[in-house]
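This report refers to the structure that appears directly beneath it.
In UniProt numbering, the protein residues as written are 1 to 213.
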């Protein structure tokens with residue numbers, strides 16, 4: 001497949017890009033600074049500024065012509081409105097205009113449930129949750145795209161052990177490796193289209209967990 005990853009220089013996006021490239025997909029690794037240290041024969045590095053006008057983003061989308069778009073970008077609290085919220089919406093608009101078949105969004109656990117934002121660590125990231133709510137809600141209700149939203153809890157450094165849980169009851173920890181591996185597995189899980197999936201590290205193999213979604 002021809003895949004565009006927006007936010008490919010991030011902690012999750014970089015692992016996702018390398019995983020999909022190793023699977024033989026053509027990966028367009030899009031980021032504001034498209035000059036990472038990691039390289040692969042199937043990866044094309046693409047400058048991509050989410051604060052740019054929609055016309056510019058649409059032009060890049062039209063030139064790449066992806067089958068699937070992953071949105072893993074985030075400002076890490078530095079520009080929540082223009083990147084995490086409206087930047088995501090512009091990416092969705094460009095994807096829809098470009099005829100993209102599927103849009104997979106990396107979000108945050110319970111982002112669409114404001115009544116739960118006071119739980120555990122979520123109480124400390126309210127502005128981030130608001131930005132994610134805006135993006136998630138727009139994708140579900142206004143984008144017209146075939147979407148999947150993955151909502152992990154707190155991201156922690158760590159390799160993938162390939163075991164997760166979904167439909168979590170509370171905000172829990174997620175190794176970055178498992179989140180990236182789960183995003184990659186969504187590509188081959190058409191039953192997850194139109195779904196919002198909460199997750200955390202767990203005891204169930206990723207493929208088995210996604211089959212049950």
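Where is the CB? At the ideal position from N, CA and C, for every residue including glycine.
Are the Cβ atoms of residue i and residue j separated by less than 7 Å?
i           : j           : result
residue 184 : residue 20  : yes
residue 58  : residue 92  : no
residue 186 : residue 104 : yes
residue 68  : residue 28  : no
residue 107 : residue 164 : no
residue 102 : residue 137 : no
residue 71  : residue 88  : yes
residue 160 : residue 181 : yes
residue 7   : residue 95  : no
residue 100 : residue 66  : yes
Output needed for residue i: all residues of its chain with C-beta closer than 6 Å, excluding positions within five of it in sequence on either side, in chain order.
i           : result
residue 98  : 61 and 62
residue 122 : 171
residue 116 : 110
When burial is assigned at 16 or more other CB atoms within 10 Å of the CB, is residue i buried or exposed?
i           : result
residue 118 : exposed
residue 194 : exposed
residue 201 : buried
residue 151 : buried
residue 192 : buried
residue 126 : exposed
residue 227 : In this structure the chain extends from 1 to 213, so residue 227 is not present and cannot be described.
Closest to residue i by CA distance: which of the options is it?
i           : options             : result
residue 14  : 2, 1, 24 and 43     : 43
residue 90  : 204, 135 and 79     : 135
residue 75  : 39, 112 and 128     : 128
residue 113 : 95, 202 and 133     : 133
residue 1   : 11, 18, 12 and 23   : 23
residue 45  : 77, 80, 26 and 197  : 26
residue 82  : 48, 39, 131 and 125 : 131
residue 154 : 139, 120 and 166    : 120
If I measure Cβ to Cβ from residue i and keep anything under 7 Å in the same chain, skipping five residues before and after, which residues do I get?
i           : result
residue 158 : 175, 176 and 177
Report yes or no: is there a C-beta of chain B within less than 7 Å of the C-beta of residue i?
i           : result
residue 163 : Reference to chain B is not applicable here, since this structure consists of a single protein chain.
Return the chain-ordered list of same chain residues with a C-beta closer than 8 Å to the C-beta of residue i, the five sequence neighbours on each side being excluded.
i          : result
residue 16 : 5, 8, 70, 72, 180, 183 and 184
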